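Structure record follows, encoded as structure tokens.
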Amino acid sequence: MNILLLSSEVADIQKSGGLADVAKALPLQLQSEGHDVRVVMPCYTCIQNYEKFSVIGEGVINSNSDNPINKIPYRIRKTYLNKVVEVWLIECNRFYDRTSMYGDNNQAYADNGSRFAFFCAAALDACKVLNYWFDILHCNDWHTGIAPMLLKTKYKDDPFLSKAKSIITIHNGAFQGAFDRNQISFLPEVASIYNDRISQGSYINFLKCGVFYSDKINTVSHGYATELTTYLGGHGMTQSYLERQSDLSGIVNGCDYSDWDPSKDQHLRIRYDINSLDQKVLGKYLLQRKLGFEMGDTPLYGMVARLTEQKGIGLLIPILERFLQHNVQIVIEATGDPYLAAQIRQIAEKHPKKMVFQAVYDNILAHQIEAASDFFLMPSIFEPCGLNQMYSLAYGTLPIVRAVGGLKDTVVDYDTNKEDATGFVFKDPSSEELLSCLRRTLILYLEAPLEMKRLKQNAMKVRFSWADSCKQYIELYKSALRK
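Position one of the sequence shown corresponds to residue 1 (full-length UniProt numbering), numbered consecutively onward.
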């Protein structure tokens, strides 16, 4: 198949989260399976050395418009993922000459509706410019939700694009992209359609457009696909998902073990594998010394996350000081909401020998936290898939997670299934239940060191292969083509 994958970010080019990792790993795997893949993303000027990418084409959106402001030229630059998968970058300074991808100072750009609607239009137009015919249009999150709509409206009779099918992958259904229609006046094929299924009040909802117009819809775990069809977990779009339930599925993300392997991790001074797991504690001693903790056999709890309510920070903060009364050490590396950061910083400053808060993302430290910690905290309110729990498992660091989305699909709870356990799971989104779960882990650590080692070995045996996920995506593409 020929596959066009649209994403607002792609790892190794510009990344803010797990979406970028998927937009790199899946195309590489698809290409290795014999499919022809093109990845398209915006050409943000914050991309390092983007001007060195070769220009391979140019076009104009709405070239027939009588209004000059609606005639928007763009250029197509090209680079590669691992020298094998072509990445096209849509260059348009009007929309992408910014200091970051989505916004500044924790505030989204006011014209993000225009920016990403234009991206969708230009990505499809670029295929005509470059004469690339595709079977499958694979969209990702709200930023690309207008593309399936254009395929079914603007291009419905186009001999070049009308036979293509589309899918949309939802990485986080809480972010939907609702904008005033005035932002997309340069796309009359979209702006002129008033349909209750794609509207949010007087606004147009980009994710609803993707869900309504795509041939197939999937999300990044079976658990999250189920949650989207519930009124508690559907983020206000439950009815949209229920109407498309027969076309909705879940595929768990794979994990890029080339970056996350404790036996080969270049960010670690002490490397280990399942057969040399006892070496893990030496890395713990090094991190304890680096953080200013007392070196020794104190249980170390790590967390690397975005500071948002979604990640369960609001559950953690109220019980942190009570948990710190125990003989434990905690390291948190997180950026995001300044209000949450201030609360965590205040607690860390009161307990400098027991807790460190790093408010700037440091990739090297993130790897060291994964490797050195005994437990990894992910008490998410919701979690479509999650990657850090997969990294933690690979490093023999036991995840502490809430039973939601991809977390419950990937972590086996010790109290539920001791034999196959790989971590600890709690259900209710309450601080008290989180504290109870933390104390469970502490008791096991102190009273059963051999059992702890067995669980860590269980965890290190788990693999989430992109080859397996890719096979499921190929079947999803085929089912879309049969529609």
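C-beta: ideal position from N, C-alpha, C; glycine also. As the structure is a prediction and not an experimental result, all values here were calculated from the model.
Residue i versus residue j: straight-line alpha-carbon distance, rounded
i	j	result
H242	T230	Residue identity differs from the one stated: residue 242 is Leu in this sequence, not His. One C-alpha to the other measures close to 8 angstroms.
G17	L387	10 angstroms
A334	I364	14 angstroms
A403	S246	25 angstroms
Q310	P379	9 angstroms
R345	H351	10 angstroms
I56	S8	20 angstroms
N106	N417	41 angstroms
S431	I313	10 angstroms
I319	V401	16 angstroms
G233	P27	29 angstroms
K461	P159	49 angstroms
E86	I136	16 angstroms
Q29	T226	26 angstroms
Y132	K483	22 angstroms
Q200	N182	14 angstroms
D196	L291	54 angstroms
D111	L481	34 angstroms
Contacting residues, own chain, Cβ-Cβ under 7 angstroms from residue i (five flanking each side not counted)
i	result
G145	C139, I168, G177, F206, L207, C209, G210
Q343	I317
R244	V211, I217
F53	R77, K78, T79, L89
Q472	I251
I198	I204, N205, K208, C209, F212
A305	K311, A334
A25	G254, D256, W466
L307	I313, A334, T335, G336, D337, L340, A341
Residue i, buried or exposed, once every other Cβ within 10 Å from all chains shown has been counted against 16
i	result
C120	buried
P449	exposed
A117	buried
residue 551	Since the displayed the chain opens at 1 and closes at 483, residue 551 lies outside it and no answer follows.
Q48	exposed
V328	buried
Q266	exposed
E58	exposed
A20	buried
S100	exposed
V84	exposed
Y339	exposed
I369	buried
V411	buried
N62	buried
Y194	exposed
N93	exposed
C46	exposed
Cut-off 6 angstroms between Cβ atoms - residues of its own chain near residue i, not counting five sequence neighbours on either side
i	result
I170	T219
R414	Arg is not the amino acid found at residue 414; the sequence shown has Tyr there. So the qualifying residues of the chain are A421, F424.
K427	A403
A174	H235
residue 487	Because the chain here runs from 1 to 483, residue 487 falls outside it and cannot be looked at.
8 angstroms contact criterion, which residue i and residue j should meet: CB distance rounded
i	j	result
M295	I332	With a Cβ gap of about 20 angstroms, M295 and I332 do not count as contacting.
T124	D12	Correcting the residue identity first, residue 124 is Leu in this sequence and not Thr. Not really, about 24 angstroms apart at Cβ, beyond 8 angstroms.
Y96	Y44	5 angstroms
A23	V39	6 angstroms
P299	L442	6 angstroms
S240	L476	Contact flag wrong, Cβ pair sits at about 19 angstroms.
E91	Y74	6 angstroms
D409	S221	5 angstroms
8 angstroms CB neighbourhood of residue i in its chain, flanking five on each side removed
i	result
Q457	I274, L277, G396
L150	C120, A121, L124, L187, E189, V190
Chain D contact for residue i (CB, 9 angstroms cutoff)
i	result
L435	The structure shown has no chain D; it contains just one protein chain.
Q: Entirely within the stretch 133–195 and at least 3 residues each: give me those beta strand (DSSP E) ranges in chain order.
A: 136–140, 165–170, 178–180
(Q) Going residue by residue through the stretch 323–411, where are the continuous alpha helix (DSSP H) segments of at least 4 residues, counting only ones entirely within it? (A) 338–350, 363–372, 388–394, 405–410
Q: Note down, one range per segment and in chain order, each beta strand (DSSP E) of at least 3 residues found wholly within the stretch 235–304.
A: 248–250
Q.
So within the stretch 83–125, which uninterrupted alpha helix (DSSP H) runs reach at least 4 residues, ignoring any that extend past its ends?
A. 93–96
Q: Jot down the residue ranges of each uninterrupted beta strand (DSSP E) in the stretch 8–61, minimum 3 residues, whole runs only, in chain order.
A: 36–42, 54–61
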